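**Student:**
Protein chains: 2
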Amino acid sequence: MSKIPVMEIFGPTIQGEGMVIGQKTMFVRTAGCDYSCSWCDSSFTWDGTGKHLITQMEPEDIWQQLKQLGGNGFSSVTISGGNPALIKNVGELIEVLKKNGIKIALETQGSKWQDWFHEIDELTISPKPHSSQMITDFKALDDIIHRLNKQNMSLKVVVFNDEDYVYAKKIHQRYSTVPFFLQVGNDDSSTTDDTQLIQGLISKYSWLIEKTMADDEVKNVKVLPQLHTYIWGNKRGV
Amino acid sequence: MSKIPVMEIFGPTIQGEGMVIGQKTMFVRTAGCDYSCSWCDSSFTWDGTGKHLITQMEPEDIWQQLKQLGGNGFSSVTISGGNPALIKNVGELIEVLKKNGIKIALETQGSKWQDWFHEIDELTISPKPHSSQMITDFKALDDIIHRLNKQNMSLKVVVFNDEDYVYAKKIHQRYSTVPFFLQVGNDDSSTTDDTQLIQGLISKYSWLIEKTMADDEVKNVKVLPQLHTYIWGNKRGV
Ligand code: SF4
Ligand code: SF4
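One line per chain: the protein sequences are U and D, in this order. In terms of our numbering, the first sequence opens at residue 1 and continues consecutively. In terms of our numbering, the second sequence opens at residue 1 and continues consecutively.
#1: For D/Q114, which residues from the same chain have a beta carbon less than 6 Å from its beta carbon, with the 5 sequence-adjacent residues on both sides left out?
#2: At a cut-off of 8 Å, is U/Y35 close to ligand 2 when judged by its beta-carbon and the heavy atoms of the ligand?
#3: U/G82: beta carbon under 8 Å from a heavy atom of ligand 1?
#4: Cα separation between D/Q226 and U/I79?
#5: Would you say D/T192 reaches chain U, if we count a Cβ-Cβ gap shorter than 9 Å as a contact?
#6: Would you say the stretch 103-112 of chain D touches the stretch 43-61 of chain D, given that touching needs at least three Cβ pairs under 8 Å?
#7: Which residue spans inside the stretch 20-73 of chain U form an unbroken beta strand (DSSP E) run of at least 3?
#8: Using a Cβ-Cβ cut-off of less than 9 Å, give me the residues of the stretch 214-228 of chain D that come near chain U, in sequence order.
#9: Pair every Cβ in the stretch 13-20 of chain D with every Cβ in the stretch 166-183 of chain U, then say whether three or more of these pairs are closer than 8 Å.
#10: Output, in sequence order along the chain, the residues in the stretch 67-78 of chain U whose CB is closer than 8 Å to any CB in chain D.
#11: Starting from the beta carbon of D/S154, find every residue of chain U whose beta carbon is closer than 9 Å, and list them in chain order.
#12: Across which residues does DSSP place U/M153 in a beta bridge pair?
#13: Which residues of chain D have a Cβ atom closer than 8 Å to the Cβ of U/P129, listed in chain order?
#14: Which of the three DSSP states is assigned to U/K139 in this structure?
#15: Any idea what DSSP makes of U/L224, helix, strand or coil?
#16: If I follow the unbroken beta strand (DSSP E) through U/E107, where does it start and stop?
#17: Assign D/Q196 to buried or exposed, taking buried as 16 or more other Cβ atoms, counted over all protein chains shown, within 10 Å of its Cβ.
#18: Given this structure, state the Cα-to-Cα distance separating U/M19 from D/K24, to the nearest angstrom.
#19: Given the structure, does D/M7 come close to ligand 2, in the sense that its CB is under 8 Å from one of the ligand's heavy atoms?
#20: Please list the terminal residues of the continuous alpha helix (DSSP H) segment that includes U/L148.
#21: Please return the same chain residues whose Cβ sits closer than 7 Å to the Cβ of U/K211, not counting the five positions on each side in sequence.
#22: Which whole runs of the beta strand (DSSP E) in the stretch 152-237 of chain U are 3 residues long or more, in chain order?
#23: Please name the residues in the stretch 151-176 of chain U whose beta-carbon is closer than 9 Å to at least one beta-carbon of chain D, in chain order.
#24: Can you tell me the Cα-Cα spacing of D/K156 and D/H146, whole angstroms?
#25: Can you list, in chain order, the residues of the stretch 12-45 of chain U whose Cβ is nearer than 7 Å to any Cβ on chain D?
#26: Please list, in chain order, all residues of the same chain as U/G91 whose beta carbon is under 8 Å from its beta carbon, the five residues on each side excluded.
#27: Indicate, with yes or no, if ligand 1 has a heavy atom lying under 8 Å from the CB of U/K128.
#28: Go to D/E92, then tell me how far its alpha helix (DSSP H) extends in each direction, as first and last residue.
#29: At a cut of 8 Å, does the stretch 71-78 of chain U reach the stretch 217-232 of chain D through at least three beta carbon pairs?
#30: Please determine whether the Cβ atom of D/D41 lies at a distance below 8 Å from any heavy atom of ligand 2.
#31: If we ignore side chains and look at the alpha-carbon of each, how far apart do U/K169 and D/Y230 end up?
#32: Any heavy atom of ligand 2 closer than 8 Å to the beta-carbon of D/S154?
#33: Are D/N100 and D/W63 touching if we call contact CB-CB under 9 Å?
#34: Closer than 8 Å to a non-hydrogen atom of ligand 2 - does that hold for the CB of D/T49?
#35: Confirm the yes/no value for this check: CB of D/S132, any heavy atom of ligand 2, distance under 8 Å.
#36: Skipping 5 residues on each side, what residues in its chain have a beta carbon closer than 6 Å to that of D/F180?
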């Protein structure tokens, strides 16, 4: 038995963030996180409010459900959380997906290593800045980045304020050869007023672009929004 | 003398489109195009209205101007047009940029080959669909894609309507191993009402996402907007 605690399976939709932004993909969201970021937009995966949604599933059953939802219309699966790196059994899901010719993307904050990281096609490590109220374990992060040497991966830091930007820069300078993404934080992950949300997001995005463009110490960077919030607002499972 | 007809040099700003979306980069826009797409958002490069802006510049002078504008704050230069592939001398600009450790991105519609294509780090070939009122020369395009075998490049098709989508699919199926990007067309490249523009762009983007997600024949695709229009509307040179 290699059960995985699954929160939701959905798609096909687009990947809204980071190194595979825009990609048509299915999503598998696992339950549980070792962090509790102040602004977490998936807190239902770890704060108890989504407990009733968790299903313990075998990798093969996850694959069946992906096929049922996505039919023959996808070639990519994104595993997100929570922190999927907490779950050793995700390695078996990865095997099943690979066997079926699927490209795999995964995001984790970089607090914990799994050997199956090596099997991920597009791995995003997303350390959390000060505004999250989490403290980065740089020993763990150094170790992860070091082991991933030469793999197709990237670092992504979500930025809410000036202090976060300083943190992001530190990450970029510490791991200067790793592709580096800055992402605008969503200040308001509960509003249902989409017009207001989008205006706020665009103005924050402009702020982050201006800051980065004016900074001579940050040259090789991609500054991106969360595209799905432009389309679906704060709606879940799209 | 290896003059290049330059329309504008600007930056640092973000790349708003395609395979390097979000990248901090300087821009060099060359004058002249062999196409005259009905919805061209850079028609001032070829329709005479920007004639007074064209400067014949030596590659080294272009580099000096890039440095003057961007200081030490950039490591990437994007060459766009018009169609930069019309200009043989762009090859010498590429040499100058490479010598200075710059990564180079370039976009062309794929109507004409240049040997210096091989030197481009991120090459976007963007054939034009029916709504442009241009006719693709598939012999030329086949030849270009064939020669670029194994290079870091992508195909990008701008989609305005259903017919364009059919064209885009044909391109994807013809060159099925090449990374494939769909981009929403900007119907209204002259309005200065940014709120209205953004609403229109987001609704067209949703339309294109829905269409692509429902299409089992298009699996490995990235569907993207033009990010710069979200930030700067139809403003030029940002
Ligand atoms: S690491 Fe991610 S899932 Fe976990 S609390 Fe932070 S934002 Fe939420
Ligand atoms: S190929 Fe590009 S620059 Fe030339 S007319 Fe078409 S859109 Fe404009």
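Backbone N, C-alpha and C fix where the C-beta goes; we use that ideal spot for every residue, glycine too. None of the values given here were measured: they were computed from a predicted structure.
**Tutor:** Reading from the atomic positions:
#1: For the purposes of this step, residue 114 of chain D is identified with residue 114 of the second sequence, where counting begins at 1. Result list for D/Q114: A85, in chain order.
#2: Your numbering for residue 35 of chain U matches position 35 in the first sequence. Checking the 8 Å criterion, the Cβ of U/Y35 is out of range of every heavy atom belonging to ligand 2.
#3: As a first step, residue 82 of chain U is located in the first sequence; it is residue number 82 there, counting from the start. Flag set: Cβ of U/G82 near ligand 1.
#4: On the second sequence, residue 226 of chain D is found 226 positions in, with the first residue counted as 1. On the first sequence, residue 79 of chain U is found 79 positions in, with the first residue counted as 1. Between the alpha carbons of D/Q226 and U/I79 lies a gap of roughly 27 Å.
#5: Numbered from its first residue, the second sequence carries residue 192 of chain D at position 192. No - not a single Cβ of chain U is within 9 Å of the one on D/T192.
#6: Too few Cβ pairs lie closer than 8 Å, so no.
#7: As far as the stretch 20-73 of chain U is concerned, its whole beta strand (DSSP E) runs of at least 3 residues are 24-30, 55-57.
#8: Correct list: A214, D215, D216, E217, V218, K219, N220, V221, K222, V223, L224, P225, L227.
#9: Two segments are said to touch when three or more pairs of C-beta atoms, one from each, lie closer than 8 Å; by this definition the stretch 13-20 of chain D does not touch the stretch 166-183 of chain U.
#10: Listed by position, the residues of the stretch 67-78 of chain U near chain D (Cβ gap below 8 Å) are G71, N72, G73, F74, S75, S76.
#11: The sequence position of residue 154 of chain D within the second sequence is 154, counting from 1. Within chain U, no residue has its beta carbon less than 9 Å from that of D/S154; the closest one is some 11 Å off.
#12: Walking along the first sequence from the start, residue 153 of chain U turns up at place 153. U/L123.
#13: For the purposes of this step, residue 129 of chain U is taken as the residue at position 129 of the first sequence. Those within 8 Å of U/P129 in chain D number zero; the least Cβ separation is about 18 Å.
#14: By 1-based counting over the first sequence, the position of residue 139 of chain U is 139. In the structure shown, the three-state DSSP call for U/K139 is helix.
#15: Here residue 224 of chain U refers to the residue found at position 224 when the first sequence is read from its first residue. Secondary structure at U/L224: strand, using DSSP grouped into helix, strand and coil.
#16: The residue labelled residue 107 of chain U in the question sits at position 107 within the first sequence. For U/E107, the uninterrupted beta strand (DSSP E) segment begins and ends at 103-108.
#17: Translated into positions along the second sequence, residue 196 of chain D becomes position 196. Exposed is the call here.
#18: Position 19 of the first sequence holds residue 19 of chain U. Position 24 of the second sequence holds residue 24 of chain D. Going from the Cα of U/M19 to the Cα of D/K24 covers about 14 Å.
#19: Working through the second sequence from its first residue, we reach residue 7 of chain D at position 7. A distance criterion of 8 Å places the beta-carbon of D/M7 beyond contact range of ligand 2, judged by its closest non-hydrogen atom.
#20: Numbered from its first residue, the first sequence carries residue 148 of chain U at position 148. From DSSP, U/L148 is part of no alpha helix (DSSP H); its letter is neither H nor E.
#21: Here the question's residue 211 of chain U lines up with position 211 in the first sequence. Sequence-distant Cβ neighbours of U/K211 in its own chain, meaning closer than 7 Å and more than five residues away, are Y165.
#22: DSSP runs (the beta strand (DSSP E)) wholly in the stretch 152-237 of chain U: 153-159, 180-184, 222-224.
#23: Shown here is that no member of the stretch 151-176 of chain U has a Cβ falling below 9 Å from a Cβ of chain D.
#24: Counted from its first residue, the second sequence places residue 156 of chain D at position 156. Counted from its first residue, the second sequence places residue 146 of chain D at position 146. Distance between the alpha carbons of D/K156 and D/H146 is about 16 Å.
#25: Against chain D - using a Cβ distance shorter than 7 Å - the residues of the stretch 12-45 of chain U are P12, T13, I14, I21, G22, Q23, K24.
#26: For the purposes of this step, residue 91 of chain U is taken as residue 91 along the first sequence, with counting starting at 1. Excluding sequence positions up to five before and after U/G91, its CB lies within less than 8 Å of the CB of Q114, D115, W116, E119, all in the same chain and listed in chain order.
#27: The residue you call residue 128 of chain U lines up with position 128 of the first sequence. At least one heavy atom of ligand 1 is nearer than 8 Å to the Cβ of U/K128, so yes.
#28: The sequence position of residue 92 of chain D within the second sequence is 92, counting from 1. Its alpha helix (DSSP H) spans residues 90-99.
#29: The stretch 71-78 of chain U, when compared against the stretch 217-232 of chain D, does touch it at the 8 Å Cβ threshold.
#30: Your numbering for residue 41 of chain D matches position 41 in the second sequence. For ligand 2, at least one heavy atom lies less than 8 Å from the Cβ of D/D41.
#31: By one-based count along the first sequence, residue 169 of chain U stands at place 169. By one-based count along the second sequence, residue 230 of chain D stands at place 230. Roughly 25 Å between the two C-alpha positions.
#32: The sequence position of residue 154 of chain D within the second sequence is 154, counting from 1. False, no ligand heavy atom lies under 8 Å from that Cβ.
#33: The residue you call residue 100 of chain D lines up with position 100 of the second sequence. The residue you call residue 63 of chain D lines up with position 63 of the second sequence. Going by C-beta atoms, D/N100 is nearer than 9 Å to D/W63.
#34: Counting from 1 along the second sequence, the entry for residue 49 of chain D is found at position 49. Flag unset: Cβ of D/T49 not near ligand 2.
#35: Position 132 of the second sequence, counted from the start, is the residue given in the question as residue 132 of chain D. Indeed, a heavy atom of ligand 2 lies less than 8 Å from the Cβ.
#36: If you number the second sequence from 1, residue 180 of chain D lands on position 180. Around D/F180: L155, H172, V221.
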